[in-house]
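Visitor: Numbering (the numbering used here), first residue to last: 4 to 259.
Here it is, the structure, as structure tokens.
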């Protein structure tokens with residue numbers, strides 16, 4: 004048994020906590036992590052390490068233990084940088100403080116110490132691993148279900164795209180048909196109309212050249228000119244209607 008004696012605030016607790024930190028790190032068990040919090044070795048939640056001076060960012064621990072020369076750096080957040088592999092069970096077997104779990108059992112008269120056997124034999128860690136494994140399995144199941152839902156949604160989208168393509172095909176065929184109709188719209192009639200128009204224009208030109216003929220023939224020819232002009236106007240009107248109809252069809256194609 005090592006006994007530390009000294010006046011109050013002389014650093015006894017700091018020495019004990021530093022030795023415990025050097026010999027127990029790294030601490031991996033949740034139960035021992037809680038013990039280290041209670042002993043003041045590791046910081047409590049959202050607190051700085053109680054061993055590190057409030058005006059410093061880190062503390063250095065140098066301990067000669069048997070043949071081992073231990074050099075630890077303890078950061079303010081409780082992280083321990085060490086070149087020595089300690090034994091976290093030292094907190095159970097090497098320390099007996101008023102607020103330790105063992106002392107609490109002894110003080111209350113509780114003689115059930117099966118838990119310490121389980122924890123020191125790594126049985127507790129197996130339980131922790133089982134809990135983590137069960138949680139991982141549940142998470143994997145949730146991800147599997149989510150993946151199935153995603154695949155189902157993707158399949159539905161692909162089916163919708165295929166349906167849209169099938170609906171688009173007849174529309175595309177209809178558009179092509181309308182375009183072909185516009186290209187070939189009344190081609191023979193337009194040719195016939197053009198030839199007739201040219202003939203009328205030639206007749207009008209010929210009649211204009213004959214204006215100097217005797218007076219008795221002018222009236223007759225004037226009526227002929229007016230008749231031809233009226234026919235020409237009617238043909239122009241028909242042509243304009245066909246052009247408007249073509250524009251209307253082109254607009255419908257664009258909207259499709």
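Note that CB positions come from ideal geometry on N, CA and C, so glycine has one too.
Being a predicted model, the structure only gives us computed values, none of them experimental.
Distance check for residue 151 and residue 165, CA to CA, integer angstroms please.
Guide: Straight-line Cα distance between these residues: approximately 21 Å.
Visitor: Here's a check: name, in chain order, each residue in its chain whose Cβ is nearer than 8 Å to the Cβ of residue 251, leaving out the five neighbours to either side.
Guide: For residue 251, where only same-chain residues beyond five positions count, there are no Cβ hits under 8 Å.
Visitor: Need the endpoints of the alpha helix (DSSP H) that residue 19 sits in, please.
Guide: Residue 19 -> alpha helix (DSSP H) spans 15 to 27.
Visitor: Taking only the alpha-carbon atoms, compute the straight-line gap between residue 79 and residue 115 and give it to the nearest angstrom.
Guide: Their Cα atoms are separated by approximately 36 Å.
Visitor: Straight-line CA distance for residue 23 to residue 93?
Guide: If you take the alpha carbons of residue 23 and residue 93, they lie about 7 Å apart.
Visitor: Grab me the residues of residue 76's own chain with a C-beta within less than 8 Å of its C-beta, minus the 5 sequence neighbours each way, in chain order.
Guide: Within the same chain, residue 76 has close Cβ partners 61, 62, 63, 64, 83, 84 and 85.
Visitor: Could you give the distance in angstroms between the alpha-carbon of residue 48 and the alpha-carbon of residue 37?
Guide: Distance between the alpha carbons of residue 48 and residue 37 is about 11 Å.
Visitor: If we call anything under 8 Å between Cβ atoms a contact, is residue 43 one with residue 15?
Guide: No, the Cβ-Cβ distance between residue 43 and residue 15 is not below 8 Å.
Visitor: Provide the residue(s) that pair with residue 68 in DSSP beta bridges, ordered along the chain.
Guide: According to DSSP, residue 68 bridges with 71.
Visitor: Could you check how far apart the C-beta atoms of residue 2 and residue 135 are, in whole angstroms? I think they sit under 8 Å.
Guide: Outside the shown range of the chain, which is 4 to 259, sits residue 2, and nothing can be said about it.
Visitor: With C-beta atoms as the reference, is residue 26 less than 8 Å away from residue 89?
Guide: Result yes, Cβ atoms of residue 26 and residue 89 sit closer than 8 Å.
Visitor: Alpha carbon to alpha carbon, how far is residue 241 from residue 169?
Guide: Roughly 40 Å between the two C-alpha positions.
Visitor: Give me the Cα-Cα distance between residue 180 and residue 160, rounded to the nearest whole angstrom.
Guide: About 30 Å.
Visitor: Going along the chain, which residues of its own chain have a beta-carbon closer than 7 Å to the beta-carbon of residue 9, five neighbours each way excluded?
Guide: Around residue 9: 15.
Visitor: Select from 11, 146 and 39 the residue whose C-alpha is nearest the C-alpha of residue 91.
Guide: It is 39 whose Cα lies nearest to the Cα of residue 91.
Visitor: Once DSSP output is grouped into helix, strand and coil, what is the label at residue 153?
Guide: In this structure, residue 153 counts as helix in the three-state DSSP scheme.
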